[in-house]
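See structure below.
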């Protein structure tokens, strides 16, 4: 027996699962996945560099671990944002994801080595910036929906 949520549409058809997600949630999930995958890639790159290099700079292993944790944090927060079981805390999760993304961007600005960064390093920050805007739009839409419902 499957537990799915069905939504009755005005034309009599039903949508289940991912079919009922709109463009905004899908865009938020895709951008968050991009940011997470990129941070996993950075961790992999650093571990490869440490394995092939005779002398790795101190603290590189710590950065690799932080990149892994950052990717996992993105995935955990976006999952918590859209899991049905966690809907009561969805608003809080949205704010946490906004703060997490902003902190990631700030730390890149403060700690990043921009002397050898390429297009990929800037692209992930552009993606994170767009993600912040979409999360703020999502929260604004939810607030507007609650005002009109009251």
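Residue numbers (UniProt numbering): 1 to 150. Beta carbons: idealized from backbone N, C-alpha and C, even for Gly.
Within the continuous alpha helix (DSSP H) that includes residue i, where are the two ends?
i: residue 27; result: 23-52
i: residue 73; result: 60-82
What did DSSP end up calling residue i once you bin it into helix, strand or coil?
i: residue 112; result: coil
i: residue 138; result: helix
i: residue 118; result: coil
i: residue 85; result: helix
i: residue 102; result: helix
Beta carbon of residue i, beta carbon of residue j: below 8 Å?
i: residue 46; j: residue 60; result: yes
i: residue 34; j: residue 127; result: yes
i: residue 28; j: residue 134; result: yes
i: residue 108; j: residue 125; result: yes
i: residue 31; j: residue 130; result: yes
i: residue 98; j: residue 66; result: no
i: residue 71; j: residue 81; result: no
If you draw a straight line from the alpha carbon of residue i to that of residue j, how long is it in whole angstroms?
i: residue 102; j: residue 51; result: 32 Å
i: residue 37; j: residue 68; result: 9 Å
i: residue 123; j: residue 73; result: 19 Å
i: residue 48; j: residue 39; result: 14 Å
i: residue 79; j: residue 91; result: 13 Å
i: residue 121; j: residue 112; result: 9 Å
i: residue 21; j: residue 57; result: 45 Å
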